[in-house]
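Below is one structure, written out as structure tokens; comments come after it.
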Amino acid sequence: MDGRVQTPVYEYLKNKYKVDYVDMITEPGPNKILAENSDQVIIASIKRRVEISIHQHGSRSIAIVGHYDCAGNPNSKEVQLEHIKAVKKLIRSWGFQGELQGLWVDENWQVNEV
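Each residue of the sequence shown is one higher than the last, beginning at 61 in the numbering used here.
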């Protein structure tokens, strides 16, 4: 959701996968919401949007992103990285067979694979 994160992640994924467009599914603190299984309405909404991205838009990879200074997930980097790991398992449980990757956007707004 945080605009400071959207452009670096979008550009990183476009360059990595040599694609023209990247679907962005945003919420405040999505890695926290999904990892903690804390809001079923939001989780169902995220899952529906992931399914549209995969089945209608042909997405073959999903990036789970955490970032520095996140208002929706104000936990430390280490906790957010644990959330990202948990979200990977959750998305696999939805039947997604494509590439899953974790990304961390640091205090310089640089994207790092985790």
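The beta carbon of each residue, even a glycine, is placed where N, CA and C say it ideally should be. Bear in mind that the values here come from a model prediction, so they are computed numbers and not experimental data.
- Within 10 angstroms of the beta-carbon of residue 72 lie 16 or more other beta-carbons, which makes it buried.
- With a beta-carbon spacing of about 5 Å, residue 148 and residue 160 fall inside the 8 Å limit used to define contacts.
- In this structure the segment 128-148 does not touch the segment 106-118; the number of beta carbon pairs closer than 8 Å is below three.
- Per the DSSP secondary-structure output, residue 150 pairs with nothing in a beta bridge.
- Under the criterion of beta carbons closer than 8 Å, residue 87 and residue 106 qualify as touching, at roughly 7 Å.
- When secondary structure is reduced to three states using DSSP, residue 123 falls in the strand class.
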